[in-house]
Amino acid sequence: MSVLIVGGDHLGSIPKELKKIGVDDIKHMSGRNRNVIKRGMPMTMDLIIVLHDYVNHNLASVTKKQAKECNIPVVFAKRSWSSIYKKLPHNLTNN
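So that you can map any letter, position 64 of the sequence shown is 1280 in my numbering, and since no number is skipped, the others follow by simple counting.
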């Protein structure tokens, strides 16, 4: 399974925790660089996690729109593992 994390400069233990539940490909976009929106995002991912306390409104909207066009589920959570874990799809958390 592959996950794109949007937002946050440092992810701390989030990648390690995602690997524990079976995520093998993790990409991170901090969202600090405005060109990220223009270049587009890797839309071959299985899930997108948006750290809503670390992204601007425009980036969150563009991410949501592009994910919807590609039928990729999006999770909006705070930058803490407990917040992310609660919002993950049920099939991911039962591994």
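Note that the Cβ used here is the ideal one computed from N, Cα and C, for glycine as well. Quick caveat: nothing in here was measured; it's all calculated off a predicted structure.
Considering only residues of the same chain and omitting the five flanking positions on each side of residue i, which have a CB-CB separation below 8 Å?
i, result
"T1260", "S1218"
Suppose the cutoff is 6 Å on Cβ atoms and the five residues either side in sequence are ignored; what does the same chain contact list for residue i look like?
i, result
"K1294", "D1269"
"S1246", "D1225"
Could you give the residue range of the alpha helix (DSSP H) that holds residue i?
i, result
"V1239", "Where V1239 is concerned, there is no enclosing alpha helix (DSSP H), given that its DSSP letter is neither H nor E."
"V1278", "H1273 to E1285"
Does the beta carbon of residue i come closer than 8 Å to any beta carbon on chain B?
i, result
"M1245", "Here chain B cannot be found, since the structure has a single protein chain."
Are residue i and residue j close, meaning C-beta to C-beta below 8 Å?
i, j, result
"K1280", "V1291", "no"
"H1263", "I1242", "It should be noted that the sequence gives Leu, not His, for residue 1263. Cβ atoms of L1263 and I1242: not closer than 8 Å."
"W1297", "I1237", "no"
"L1220", "P1258", "yes"
Compute the beta-carbon to beta-carbon distance between residue i and residue j, rounded to the nearest angstrom, for a pair I have assumed lies under 8 Å.
i, j, result
"V1189", "L1267", "In this structure the chain extends from 1217 to 1311, so residue 1189 is not present and cannot be described."
Got a sec? Which residues, its chain only, sit under 7 Å from residue i by beta carbon, not counting five neighbours each side?
i, result
"V1271", "V1222, G1223 and G1247"
What residue range is occupied by the uninterrupted beta strand (DSSP E) comprising residue i?
i, result
"S1218", "S1218 to V1222"
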